[in-house]
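> Residue numbers (the working numbering): 1002 to 1559.
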Ligand code: ATP
Ligand code: MG
């Protein structure tokens, strides 16, 4: 099968396919995913990961994982470790070892010297303010720096002195000598190197000068033999500089930069800088808070790698920006879990039910399917006892019309069990309902009752043979569609105050005390819930709501 027929909606795949068919591209296809280790990966990065690794897979090529680590002050080993874990979790394997742009600092330095020797780079002493002033604007050309015509020997000596630590932060920079009048501001003698006295997580204190992204990136691509350098649209205007760098150094090859639209998702944000604020200011607990759109947050919430890959496929890859509806991501996880999540019952707000006609010392074991449509997933044992719990919300003393749950003198079926009828409501001194006394109908296991009709089906657990669990009911992090686009306010003003509702002391089937499996459960009638290993303590499991059974945002909030 040609790669194109597999993913026709991906224009980059089509471009490469065509180039191969026309003989314009020969040899292996090599791509790379180049995160900067200055934060956790988010759902936007997943699009880039799926694209880069997907293209490599489609053409039996290779995709590298390369840390773009040229800003040591903002980067850390913690971020590197999590990013590697996230890429692996999504189901991708990079070619060879993990790479670092910092692996190439020596080579990049040598290429800078080469540019100086060719008269194509110079050491400039303008300060940041002057630099901005000389740069000009979109309408007005820039002016040449007074240092632009410094002789080659002097540039070489100064650049060496920068490296040797003879100058302070910001005192000197190395700039490319291109064109201060270019319509493209990126070509107005961009900075190639700056002085930064900062310890680097990979290179320690070896360097006090660091190359800029626009200089580092093309060189790193070329040194790795990358054939297609895929990046987001904001780099379109940098492409002439990308090409200029490789054309003016003795580059081993000329990778091709192709841009695509970033993924924007409504009801959340996809900017590491802003996500970091959510953590630093305590709006979320951590980078892997299940409300965060980070891959590690989504993993803790119960998103599967399959659902994220399906979502990225659904979104497609194109040149036109736009915002994708959160409902689409939620749809992807619902669909995935609906087909394979094991079923279980969990009563969120337990209300005690006593079956007055069931012997006190008796227990029977009901056998329920793990998944009603997938018999091969097996069965589970659910104990039926004299006292049970149902959800408070499944009982009403004064039920509205068409009530499908329990009410005085009415009957419901307990899912997978018997039909019972409510005979008496017990209250405490404060007048609150604390117990229902019901009669069960022992002729109704798996068959309809004779002569009357139950109101509906509710979920339940044994009161004496179940486990107490805590539930994090997560919802969307923001209650505004585009928290980011509030020009007068701050995006944090749009946080959803109900993004986390915690329920303590819910009751679940006892097998949930230590779930030995990696998928969320479908808690019947409630939604999908994932065991949170990190938050659970011995004997007290915590479950995170991945997503509700149905989209409650589609109608009410748009
Ligand atoms: P942020 O703005 O969140 O810091 P970034 O682009 O600076 O994102 P990088 O670590 O540089 O983050 O990103 C690594 C790769 O992922 C880059 O190639 C980048 O283009 C891509 N990427 C980042 N965000 C998105 C997004 N929202 N949609 C698609 N690709 C993205
Ligand atoms: Mg970046």
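Just so it is clear, CB atoms sit at the ideal spot from N, CA and C, and this is done for glycine as well.
(1) Under DSSP, the beta strand (DSSP E) around residue 1438 begins and ends at which residues?
(2) By a C-beta neighbour count over all protein chains shown, 10 Å radius and 16 as the cutoff for buried, is residue 1360 buried or exposed?
(3) Only counting the same chain, and skipping five residues up and downstream in sequence, which positions put a Cβ closer than 6 Å to that of residue 1354?
(4) Which one of 1489, 1535 and 1541 has the shortest CA to CA distance from residue 1511?
(5) Would the beta-carbon of residue 1232 be found less than 7 Å away from any heavy atom of ligand 4?
(6) Nearest-angstrom Cα distance between residue 1139 and residue 1184?
(7) Classify residue 1004 as buried or exposed, calling it buried when 16 or more other Cβ atoms lie within 10 Å of its own Cβ.
(8) May I have the straight-line CA-CA distance separating residue 1053 from residue 1403, to the nearest angstrom?
(9) Please report the distance separating the alpha-carbon of residue 1483 from that of residue 1308.
(10) Just to confirm the assignment, what range does the alpha helix (DSSP H) spanning residue 1080 have?
(11) Just the C-alpha distance for residue 1025 and residue 1240, rounded to the nearest angstrom, thanks.
(12) Check whether the Cβ of residue 1069 sits closer than 7 Å to any heavy atom of ligand 1, and report yes or no.
(13) Indicate whether residue 1196 and residue 1156 have their beta-carbon atoms separated by less than 8 Å.
(14) Suppose the cutoff is 7 Å on Cβ atoms and the five residues either side in sequence are ignored; what does the same chain contact list for residue 1428 look like?
(15) Under three-state DSSP, which class holds residue 1311?
(16) With DSSP run on the structure shown, which of helix, strand or coil describes residue 1474?
(17) What first and last residue would you give for the beta strand (DSSP E) that runs through residue 1178?
(18) Decide if residue 1266 is buried, meaning its Cβ has at least 16 other Cβ atoms within 10 Å, or exposed.
(19) Relative to ligand 1, is the shortest distance from any of its heavy atoms to the C-beta of residue 1228 smaller than 7 Å?
(20) Just to check, is the beta-carbon of residue 1237 closer than 7 Å to a non-hydrogen atom of ligand 1?
(21) Under 8 Å between the Cβ atoms of residue 1566 and residue 1420?
(22) Does any heavy atom of ligand 1 sit closer than 7 Å to the C-beta of residue 1046?
(23) Assuming contact is defined by CB atoms lying nearer than 8 Å, are residue 1271 and residue 1045 in contact in what I supplied?
(24) Between residue 1009 and residue 1445, what straight-line distance do the alpha-carbon atoms span, to the nearest angstrom?
(25) So, is residue 1548 buried or exposed, given that buried needs 16 or more other C-beta atoms within 10 angstroms?
(26) Between 1163, 1283, 1036 and 1120, which has its C-alpha nearest residue 1083's C-alpha?
(27) Who are residue 1423's beta bridge partners in DSSP?
(28) Could you give the distance in angstroms between the alpha-carbon of residue 1349 and the alpha-carbon of residue 1086?
(29) For the alpha helix (DSSP H) containing residue 1364, name the first residue and the last one.
(30) Any heavy atom of ligand 1 within a distance shorter than 7 Å of the CB on residue 1381?
(31) For residue 953, verify whether its CB is less than 7 Å away from any heavy atom of ligand 1.
(32) Is it a yes or a no for the region 1472–1479 touching the region 1452–1461, going by three-plus beta-carbon pairs under 8 Å?
(33) Are the region 1239–1255 and the region 1129–1138 touching, with three or more C-beta to C-beta distances below 8 Å?
In terms of the structure at hand:
(1) 1434–1442
(2) exposed
(3) 1389, 1391, 1437 and 1439
(4) 1541
(5) By its list of ligands, the structure shown excludes ligand 4, since it contains just ligand 1 and ligand 2.
(6) 7 Å
(7) Below a pLDDT of 50, predicted positions are generally treated as unreliable, and residue 1004, at 46, falls in that range; the measurement from the model is reported next regardless. The residue is buried, with at least 16 neighbouring Cβ atoms inside 10 Å.
(8) 53 Å
(9) 23 Å
(10) 1078–1090
(11) 20 Å
(12) yes
(13) no
(14) 1434 and 1435
(15) helix
(16) strand
(17) It is not in any beta strand (DSSP E) - residue 1178 carries neither H nor E in the DSSP assignment.
(18) buried
(19) no
(20) no
(21) A question about residue 1566 goes unanswered here, because the residues of the chain that appear run from 1002 up to 1559.
(22) yes
(23) yes
(24) In this prediction, residue 1009 scores a pLDDT of 49, lower than 50, which makes its location untrustworthy; the coordinate-derived value is nonetheless stated afterwards. In a straight line, the C-alpha of residue 1009 is about 54 Å away from that of residue 1445.
(25) buried
(26) 1036
(27) 1439
(28) 33 Å
(29) Per DSSP, residue 1364 belongs to no alpha helix (DSSP H) and is neither H nor E.
(30) no
(31) What is shown of the chain runs 1002 to 1559, which leaves residue 953 out entirely.
(32) no
(33) no
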